[in-house]
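Peer 1: Numbering-wise, numbering that gives the first Met the number 0 puts 127 at position 128 of the sequence shown, and it's gapless, one number per residue. Backbone N, C-alpha and C define an ideal beta-carbon position, used for all residues, glycine too. Predicted, not measured: the structure shown is a model, and the values here were computed from it.
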Amino acid sequence: MSDIHLGTLYVVATPIGNLEDLSPRAARVLGEVALVAAEDTRHTSRLLRHLGLSVSMLSLHEHNEAARVEQIDQRLLGGESIALVSDAGTPLISDPGFVLVRELRARGRRIVPVPGACALVAALCASGLPTDRFLFQGFLSPKSGARRQRLKDLASREETLVFYESPHRIRDTLSDIAAELGARRLVLARELTKSFETFLEGDAEALLARMEADPDQTRGEFVIMVAGAEPKESADATSVEAQTLLAALLDEGVGVKQAAAVAARLLGGAKKTWYGQAQTLKEAR
0 MSDIHLGTLY
10 VVATPIGNLE
20 DLSPRAARVL
30 GEVALVAAED
40 TRHTSRLLRH
50 LGLSVSMLSL
60 HEHNEAARVE
70 QIDQRLLGGE
80 SIALVSDAGT
90 PLISDPGFVL
100 VRELRARGRR
110 IVPVPGACAL
120 VAALCASGLP
130 TDRFLFQGFL
140 SPKSGARRQR
150 LKDLASREET
160 LVFYESPHRI
170 RDTLSDIAAE
180 LGARRLVLAR
190 ELTKSFETFL
200 EGDAEALLAR
210 MEADPDQTRG
220 EFVIMVAGAE
230 PKESADATSV
240 EAQTLLAALL
250 DEGVGVKQAA
260 AVAARLLGGA
270 KKTWYGQAQT
280 LKEAR
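(1) CB-CB under 6 Å to A302, same chain, minus the five flanking residues each way: which ones, in chain order?
(2) Between M224 and the ligand FAD, is there a pair consisting of the residue's CB and a ligand heavy atom that are separated by less than 7 Å?
(3) Out of A277, A241 and Q276, state which residue places its alpha-carbon closest to the alpha-carbon of L265.
(4) Please go through the region 160 to 224 and give each complete alpha helix (DSSP H) segment of 4 or more residues, from N-terminal end onward.
(5) Which class does P114 belong to by DSSP, given the choice of helix, strand or coil?
(6) Quick check on DSSP: helix, strand or coil for M0?
(7) Pull up the DSSP beta-bridge partners for V68, would you.
(8) Does the structure place the region 65 to 78 close enough to the region 16 to 24 that three or more beta carbon pairs sit under 8 Å?
(9) Counting C-beta neighbours from all protein chains within 10 Å, is the total for D250 16 or more, i.e. buried, or is it exposed?
(10) For R147 and F198, what's the separation of their Cα atoms in angstroms?
(11) Could you work out which residue in L180, E179, E200 and A182 is closest to R189 when comparing CA atoms only?
(12) Distance check for E157 and E179, CA to CA, integer angstroms please.
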């Protein structure tokens, strides 16, 4: 029996490769909604044909998403149910849909997720890298300068770093990772859930050499997972070195709060601990 609600937007995850990964619920929702809003209607039509479905479709991609909000909202207000899909995986995860969902939720419309495949999660769970904390960055900039700056900004993060990348930029991105993050453990997931699904492991330089030897390894869409930075050892806030640093900062007219921030950044540890030491040192003068 159908549980489709009228006037509802369903955010439906679709397969990232293997069509068998589409959930029965997702298939049912796609068959029962009045409209499918698709990133690429030609791509989604192949999935619908595979399911034996004939459903009206509307394109919704990064270039027209904002303009589609009113049109979709009016159809929801008219009592229609609509499914939002991207080309593969879960919509909004480095795919269109955020603007639409944000605007419809702000207007009080009902949004229902229909979970399923997601390249980010699929890659992480088989990578062997820590998954208790990770930082997903989507696609890095196509420009090397901006890409390297972002990697530099992330260099001290201790979480597993996760990026998406396309085949024509994978070598350049690996080169920039080698330059900014060094010889960290790195896992590449390629062609997830497809016939040639591959996980490559090593540092960035080793993976570049592997691709040089076997250009087939540059094919497909990639999830890049990089081990986080090693945790900093927190300095003893009462050590001679720590006290000398705080004293020097205070002597230069740096405020207690700013001195604590500088000490935490340079030596590690909690800002509140450094703040207490700096305040004690200032009051003792």
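Peer 2: Quick look at the numbers:
(1) The structure shown has nothing for residue 302, since the chain only spans 0 to 284.
(2) In the structure shown, the ligand FAD is absent, as is every other ligand, since no ligand is present at all.
(3) Ranking A277, A241 and Q276 by Cα distance to L265 puts A241 first.
(4) 169 to 180 and 203 to 212
(5) When DSSP states are grouped into helix, strand and coil, P114 belongs to the coil group.
(6) Its pLDDT being 48, under 50, M0 is placed unreliably in this model, and the value from its coordinates should be taken loosely. Coil, per DSSP.
(7) Its beta-bridge partners do not exist; DSSP assigns none.
(8) no
(9) exposed
(10) 24 Å
(11) E200
(12) 15 Å
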